[in-house]
Amino acid sequence: MPVCPYCEKEINYLEFEEDFSYLKIRCIFVINENGEPDYRDEAWVDCKLDDVAYRCPRCGEKLFDNQCEAVAFLKGEAERDEC
């Protein structure tokens, strides 16, 4: 199981946030039973930022800013060249 480099706790999912100028998307990002990326439990919150973040669900630190790196982390793979 992957370990957060900040809090050093084992995690099996990440919290995903995407901020637009008019709203924020928050959901859980997991690798499903087929080994594919999956976004679950979407919540829409008003905001005024533009950002994407994959965060540790334990400490809240931003770990990645793109899906490719997040997938590699959750699958326990080394960083992908195509990210």
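Residue numbers (this note's numbering): 28 to 110.
All C-beta atoms, glycine included, are put in the ideal place defined by N, C-alpha and C.
None of the values given here were measured: they were computed from a predicted structure.
Just how far apart, CA to CA, sit residue i and residue j?
| i | j | result |
| --- | --- | --- |
| Y66 | I55 | 6 Å |
| R85 | E60 | 22 Å |
| I58 | F47 | 25 Å |
| I38 | D92 | 17 Å |
| G87 | L50 | 20 Å |
| G103 | C34 | 17 Å |
Check each candidate in the options and name the one with the smallest Cα separation from residue i.
| i | options | result |
| --- | --- | --- |
| V30 | C83, Q94, E96 | C83 |
| P32 | K89, K51, E104 | K89 |
| I52 | A97, E63, D68, Q94 | D68 |
In the DSSP output, which residue or residues are listed as bridge partners for residue i?
| i | result |
| --- | --- |
| D92 | In the DSSP output, where bridge partners are listed per residue, D92 has none listed. |
* Asked: Which ranges does the beta strand (DSSP E) cover as unbroken runs of at least 3 residues, wholly within the region 30 to 82, from first to last along the chain?
  -> Entirely contained in the region 30 to 82, the beta strand (DSSP E) runs reaching 3 residues are, in chain order, 41 to 46, 51 to 58, 64 to 72, 78 to 82.
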